[in-house]
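One structure below.
Chains as they are written, first to last, in this note's numbering: chain A, 28 to 141; chain B, 273 to 386.
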């Protein structure tokens, strides 16, 4: 069975600073994918970034990047130059290729201070 | 494309009542799923479907039924609502090609069971 753990219930960052959100996962499958989703107060789930497990290169999307440590089963999200609009709940998720099931962590609530 | 739509947006039920949460997508996605979101629990998978006529259970299936008669629609039925089913429900869809396909989420249905 897959599990995803986010150990930081809340985080805070100053505007324009950098923050890193932690995530660890566990799966016995070799074919899996990792995602970070953002959920603002509107509750809409928005994909931030995704990582294929077979790729060694860390994914980046503008100000968002990941640190994927496969051996440690760690998948952290780094947000650079934080903006007020980044304030939201962030969910880490793992999807195994064989089942297509997407399993989420419990989320990290990010506050951005002006 | 309208994407993933959910109705209703908000519903109040009394214990023991039944209702159906509607979900539809117009992207010709084979894979559809239902999640519930509770405070401190993240999103948990209820049921999912890999194509018309095929459904399977997720992490928390008890108290919910699903069917998939068409590619577009994936309704979630509560046969006898309980206060423990008070939650926000999200429907999601994606192509089935592999686990890396991005899931697109609907706006959510907030359900209150008294």
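Glycine included, each C-beta is placed from N, C-alpha and C at the ideal position. Here the structure is a predicted model, which means the values were calculated and not measured.
In terms of Cβ geometry, residue 39 of chain A and residue 115 of chain A do not form a close pair [threshold 9 Å]. Excluding sequence positions up to five before and after residue 129 of chain A, its CB lies within less than 8 Å of the CB of 62, 120, 121 and 122, all in the same chain and listed in chain order.
Of the candidates A:50, A:104 and A:36, A:104 places its Cα closest to the Cα of residue 88 of chain A. Between residue 350 of chain B and residue 305 of chain B, the C-beta gap is not smaller than 9 Å, which leaves the two residues out of contact. In chain B, no part has a C-beta under 9 Å from the C-beta of residue 38 of chain A; the shortest such distance is about 16 Å.
In this structure, the alpha-carbon of residue 385 of chain B lies about 21 Å from that of residue 331 of chain B. In the DSSP assignment, residue 111 of chain A falls outside any beta strand (DSSP E) and carries neither an H nor an E. DSSP, reduced to helix, strand and coil, places residue 71 of chain A outside both helices and strands of the structure shown, so it counts as coil.
Our two residues, residue 297 of chain B and residue 57 of chain A, have alpha carbons roughly 30 Å apart in a direct line. Here residue 110 of chain A is exposed: its Cβ has fewer than 16 other Cβ atoms, across all protein chains shown, within 10 Å. Beta bridge pairing from DSSP links residue 290 of chain B with no other residue. Restricting attention to A:118, A:113, A:44 and A:28, the CA atom closest to the CA of residue 77 of chain A is found in A:118. Burial of residue 278 of chain B is indicated by the presence of at least 16 other C-beta atoms within 10 angstroms of its C-beta. Residues of chain B with a Cβ closer than 7 Å to the Cβ of residue 133 of chain A are, in chain order, 312, 313 and 314. Cβ-Cβ separation between residue 79 of chain A and residue 141 of chain A: approximately 36 Å, too far for a contact (criterion under 8 Å).
Contact residues of the region 344-364 of chain B toward chain A are 360 and 362 (C-beta to C-beta distance below 7 Å). In the three-state reduction of the DSSP assignment, residue 84 of chain A falls in the coil class, being assigned neither a helical nor a strand state. In the displayed model, residue 341 of chain B falls within coil according to three-state DSSP, outside both helix and strand. Collapsing the DSSP output to three states places residue 278 of chain B in a strand. For residue 375 of chain B, there is no enclosing beta strand (DSSP E), as DSSP gives it neither H nor E. Among the CB atoms of chain A, one or more fall inside 9 Å of the CB of residue 374 of chain B.
Only residues of its own chain outside the window of five on either side were considered, and among them 279 and 347 have a CB closer than 6 Å to the CB of residue 294 of chain B, listed in chain order. The beta carbons of residue 50 of chain A and residue 102 of chain A sit closer together than 9 Å.
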